[in-house]
Structure formats: structure tokens, C-alpha cells
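Have a look at this one:
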């Protein structure tokens, strides 16, 4: 844990924009898109063109729920039960604030991929991808006063001009001081007018300042990350730099490798057998704190190549 704190304490000043302007997806030729569907031998497994993406992975998007973490912290120290519920409600509602104006699709995480984060406010988090298609992940956030256990099994359906996102999520918030648990479920999201609509140049991808930092890396941090961390993905990095052809090629390589894999056994989360009953507010997965000892022998070398 000491190396973790040192690495994150050495972080540079927050960036306030991406490295290059994001290409507007309305420049994508509809005929080129349709042609790509028929060129795919398995049309049910086609991938959307990279121009519809944003430079963030599925695992990193799990962490956007923490942008207004201060609401959760206030709940975790509040003595009044009714006030605690207000803060918890505010925190849960805030988890959907990043959906405003976000019309792009994140990069799908591959099985075995991980993402870790430590906030300036003191909380830490870890996420791991269970499977690529369908996309399933598990995550854990923790501070001195609370814990969040979560699993995310999200279904994406692309229907020409709109996208349907249906999260089958299970999130449990645990307040340590009061020994209280709150169970939260996800909501369905529809994104419309993907191919037609208002045109603009986007240098932020509609990212908040918090989201802009999620894929940030620096030398001291890179030294301690496992070879499975989302920040090491070349397709996302090329996308940030505006090198779309390279990004598309790397994305294709990751997806081809993914199709060769067998079912992934989680490296850093343990199944909680108490969660078998839906009546219990128990998390399905519990973090293995061995992760923070930073012995990566059981990690797949996904991205350090």
C-alpha cells in the first residue's frame, strides 16, 4: 500500500482537456458502416466503428459513480438516520449525472482486464472484467468510513440510429460506523440520434474534470500497475491522441485475442456464497486485498507488449 500512496501522490496537475479534438461521429459514412456489417462473417458479433467510441473503458466508467463521493462521505459520518438517507439518495442520483450529453460508447473491457484508482480524497478502488461478451465486471471502492461492492452486467444493443443500454447491476453501499447496507439497482438508458442530429466539435467528449483523470497515467504510476490495467490499453491511448487508424487496429487485435479465450477466472475477487439469497443485502464478490501486495505472477500479460 505504501508504493500505491507514493505513486498517486506523485501525480501531475489534473488535465483539463484531452490531448486532441475528438472526431465527430457524424463524419462517419452510413454506407461504410453498413458495408462493414456485411463484411463480418458473424454479423451478430459485429463491432461498432471506433468513431462512435470515447477514450474510456467499461471498467473506468464504473468509477464515474464516485464523482460526487462527498455525498457518500457525509452519509457515512451523519448521526441522523433521515439525513443519512438524504445523502445516500443524492449520491445514487448523482451516479447518472455523467450520462448527460454522453452519446459515445466506451471501449469494451477484455476478460481479465483490471483498473485501480486512488482519489485525492483518500478512497481507493479496484475493478476486474469477468467476460467481454456479454460484458460483466465487478468492482470495489473503499474509504475509512464506507465500502461499495458492485457488479455490472450491461447489455448494449445497437439499432442503427440509437443505442439501448440496459445495466443488470447490483451495488451495495456499506456504512461502517452504523453497520448499514443499502442495495442499489441500475436503470435502462437510451441514446438516440447517433447518426443524425446537431453537429459539434468535442474536445472533452463531454467528460467532467473527474472523468478526464481516469485514463491519466504518469511514470511513477506505470511502475506499479499490473499488465492488465486499462490505462495500458494502446487502442484507448491512440484514440486520445487522435490516431484513429492505429486505435482501430489495436482494438481489432484485442478482440481477436478475446475470441480465443476460455472463461476467465477472477484473479482479485472472491465469490461470496452468502449472496446466493436475493433476500440478503450481500455482495456477490469480495475483493482480495492480496492485490495491493503487487505480486503480478497470476496476471495475464494483456497490455504490456
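Residue numbers (this note's numbering): 190 to 494.
Where is the CB? At the ideal position from N, CA and C, for every residue including glycine.
N-terminal and C-terminal residue of the beta strand (DSSP E) that residue i is part of
i	result
residue 444	Careful: residue 444 lies outside any beta strand (DSSP E), inside the alpha helix (DSSP H) at 433 to 448.
residue 243	242 to 246
residue 459	458 to 460
residue 168	Past the boundaries of the shown model lies residue 168; the chain is included only from 190 to 494, so the question cannot be answered.
For residue j and residue i, believed in contact at Cβ under 8 Å, the rounded distance
i	j	result
residue 203	residue 258	16 Å between Cβ atoms; not a contact.
residue 242	residue 326	Not quite, the Cβ-Cβ distance comes to about 17 Å (not below 8 Å), so this is no contact.
residue 407	residue 200	6 Å
residue 489	residue 400	Contact doesn't hold; Cβ gap of about 27 Å is too wide.
residue 421	residue 410	That pair is no contact at about 11 Å.
residue 335	residue 261	6 Å
residue 249	residue 404	6 Å
residue 329	residue 476	4 Å
residue 176	residue 361	An answer regarding residue 176 cannot be provided, because it is not within the stretch 190 to 494 covered by the chain.
residue 313	residue 333	About 11 Å separates the two Cβ atoms, so there is no contact after all.
residue 208	residue 429	5 Å
residue 374	residue 358	6 Å
Cross-strand partners of residue i (DSSP beta bridge)
i	result
residue 370	363
residue 487	Note: residue 487 sits in no beta bridge, so no partner.
residue 418	303
residue 199	Its beta-bridge partners do not exist; DSSP assigns none.
residue 340	327 and 359
Boundaries (first-last residue) of the alpha helix (DSSP H) holding residue i
i	result
residue 413	408 to 413
residue 424	423 to 429
residue 398	398 to 401
- Query: Would you call the segment 290 to 307 and the segment 267 to 282 in contact, with 3 or more CB pairs under 8 Å?
  - Reply: no
- Would you list, in sequence order, the uninterrupted beta strand (DSSP E) runs of no fewer than 3 residues that lie entirely inside the segment 250 to 338? 294 to 296, 303 to 307, 313 to 320 and 324 to 331
- Inter-stretch contact at 8 Å, needing at least 3 Cβ pairs: the segment 439 to 458 / the segment 477 to 484: yes
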